Amino acid sequence: MVDVIKITLWGKELGALSWDTDKKYASFEYFSEFLNNNWEVSPIHMPLGTSERRIYSFPRLNEDTYKGLPGMLSDVLPDDFGNRLIDQWLLLNNIPKAQFTPLDRLCYIGSRGMGALEFQPARNLGNKVASNVVIDKLVILAQKVLDSREQIELNIDETEHLNELIKVGTSAGGQRAKAIIAYNSKTGEIKSGQTDVPEGFEHYLFKFDGVNDVSLGDPQGYGKIEYAYYLMALDCGIEMEHSQLFQEYNRAHFMTKRFDRLPNNKKLHMQTLCSLAHFDYKSPGAYSYENAFDIMRQLRLPHRDAIQLYKRMLLNVIARNQDDHTKNISFLMDEQGVWKLAPAYDITYSYNPTGIWTSMHQMSINGKRNDFTISDLLTVGSKISYKNSKTEIQQVLDVVANWSYYANEAGIPSKQANKLQQAFRINL
């Protein structure tokens, strides 16, 4: 167990983080030298201008979401699937889970996290060279991990593949099983992507198809559905990184290029709305799209970014993506200290009328989480001074009305496509 860790950004020492074992929360302080860089890495809750000799801690934040950390740092921690993998690693190495603090988890992530923050002392997980990945083996093991809360029984070959899954699957966020990979679009070759990728390869997120967490209630063939939504999003004018399906036996895995990585393995600093604004994503209905626009104004983002988020809101409403929580909106900062809205991600069908999470939208719109009208959507458009709201709404309605085309392009069986379409809000 570590008591104090060092955080770096783009080779510069950013600050130190300490853990109070009794109070179960962390304290953060910027290094004085970092204050001269003019990099506002956490402009809402830990701005540089008020940070000289100031120690930050946020004990009132929801422990289940933020784990006793400032939002900026909790973002790097893995979510459900990644934590299941770390739990398996702890069991394999005979480390008591209760003794493994959030700081230990950050050191476990080290330099492999989403975004550009890095943590020292980093845990040594072995070979740092990108190695070949056997997808079908990882799919089987990912399902075993989700099915078991205890240590899973493995043969020698499976143990080797589990170690690989732990390396590529722990630093990606989200509930669903996914991996960080390096992909060569010319050869179709896949390598582990938690380190610098070789020449000819690019950084991708790879979502395993055929791996199901019962609690999510996802429809079968989830990869194809997300790909169809990706195609719809592009036709709605929504900016997304290149995405595609990776066919493997009877599975179609959805993969998308990482927006926090640049050529030559350079990194961008990344924060979700959940971490940047301390808008807890596990509090459905507590925050609104209007709140998100307010944060964007505080970041002084261009109006085009507000229009982009407005388009996403429309598609989420009309095509029933009700898992639109505050971790599904992100922002990027470059080495010049300039913030921008990150490309869209996790846009897909997500609606369970009897579920706890997706029976209604996670973020409200004009004070509502359901039963929207055109007037509600226009009202939000007027709040961001968008004169083309009505035209934009009609464009998204037209795209979603053509769902059968996108479903066919993605290879979704017509019976399943028709069932999903019944939930769409194309008659607003």
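Numbering-wise, my numbering comes out as the position in the sequence shown, counting from 1, plus 1. Cβ atoms here follow ideal geometry from the backbone N, Cα and C, with glycine treated the same way. Fair warning: this is a prediction, and the values are worked out from it, not measured in the lab.
With a threshold of 7 Å on Cβ separation, who are the neighbours of D105 within its own chain once the five nearest residues in sequence on each side are excluded?
Mapped onto the sequence shown, residue 105 falls at position 104. Excluding positions up to five away in sequence, the list reads M2 and V3.
Can you name, in chain order, every residue of its own chain whose Cβ lies under 7 Å from the Cβ of G238, other than the five neighbours on each side?
Translated into the one-based positions of the sequence shown, residue 238 becomes position 237. Correct list, in chain order: K312.
Just to confirm, is the Cβ distance from S193 to V140 under 8 Å?
If you number the sequence shown from 1, residue 193 lands on position 192. If you number the sequence shown from 1, residue 140 lands on position 139. Not a contact, by the Cβ cut-off of 8 Å.
At what residue ranges does the segment 289-368 contain a whole run of the alpha helix (DSSP H), taking only runs of 4 or more?
The segment 289-368 contains these whole alpha helix (DSSP H) runs: 290-299 and 304-319.
Using a Cβ-Cβ cut-off of 7 Å (strictly less than) and excluding sequence neighbours within five positions of I308, which residues of its own chain qualify?
Along the sequence shown, read from residue 1 onward, the residue named residue 308 stands at position 307. If we look at I308 and ignore the five residues flanking it on each side, its Cβ neighbours are Y387.
Return the first residue and the last residue of the beta strand (DSSP E) that W1 is part of.
This structure cannot speak to residue 1, because the chain is shown only from 2 to 429.
Work out the CA separation of R54 and E30 for me, nearest whole Å.
Taking the first residue of the sequence shown as position 1, residue 30 is located at position 29. Taking the first residue of the sequence shown as position 1, residue 54 is located at position 53. Approximately 7 Å, taken between the alpha carbons.
Quick one: what does DSSP say V5 is sitting in, helix, strand or coil?
Locating residue 5 in the sequence shown gives position 4, counting from the first residue. If DSSP states are grouped into helix, strand and coil, V5 belongs with the strands.
Just to confirm before moving on: does the CB-CB distance between G224 and L206 stay below 8 Å?
For the purposes of this step, residue 224 is taken as residue 223 along the sequence shown, with counting starting at 1. For the purposes of this step, residue 206 is taken as residue 205 along the sequence shown, with counting starting at 1. Going by C-beta atoms, G224 is not nearer than 8 Å to L206.
What's the gap between the Cα of D210 and the Cα of I182?
The residue given as residue 210 occupies position 209 in the sequence shown. The residue given as residue 182 occupies position 181 in the sequence shown. Computed Cα separation, rounded: 15 Å.
Run through the segment 200-277 for me and flag every whole beta strand (DSSP E) of 3 or more residues, listed as ranges in chain order.
Listed in chain order, they are 203-208, 244-249, 252-258 and 270-273.
Using the C-alpha atoms, what's the distance from E336 back to D236?
Your numbering for residue 236 matches position 235 in the sequence shown. Your numbering for residue 336 matches position 335 in the sequence shown. Distance between the alpha carbons of D236 and E336 is about 31 Å.
Kindly confirm or deny that the segment 90-101 and the segment 285-292 touch, where touching means at least three C-beta pairs closer than 8 Å.
The segment 90-101, when compared against the segment 285-292, does not touch it at the 8 Å Cβ threshold.
Which word fits Y350, buried or exposed, when buried means at least 16 other C-beta atoms lie within 10 angstroms of its C-beta?
Numbered from its first residue, the sequence shown carries residue 350 at position 349. Buried, because 16 or more other Cβ atoms sit within 10 Å of the Cβ of Y350.
If we count the other Cβ atoms within 10 Å of its Cβ and call it buried at 16 or more, is N95 buried or exposed?
As a working mapping, residue 95 is identified with position 94 in the sequence shown. So N95 counts as exposed.
Find the nearest neighbour of V198 within the set L163, Y184, R321 and L70, judged by alpha-carbon distance.
Numbered from 1 along the sequence shown, position 197 holds the residue referred to as residue 198. Ranking L163, Y184, R321 and L70 by Cα distance to V198 puts Y184 first.
Can you tell me where the alpha helix (DSSP H) with Q195 in it begins and where it stops?
Locating residue 195 in the sequence shown gives position 194, counting from the first residue. First-last for Q195: undefined, no H or E at that position.
Along the chain, where does the alpha helix (DSSP H) containing F82 start, and where does it finish?
Your numbering for residue 82 matches position 81 in the sequence shown. It spans D81 to L93 - the alpha helix (DSSP H) in which F82 sits, taken as one unbroken run.
Would you kindly work out how many angstroms separate the C-alpha atoms of D372 and S365, rounded to a whole number?
Residue 372 sits at position 371 when you count from the first residue of the sequence shown. Residue 365 sits at position 364 when you count from the first residue of the sequence shown. Cα-Cα distance, rounded: 11 Å.
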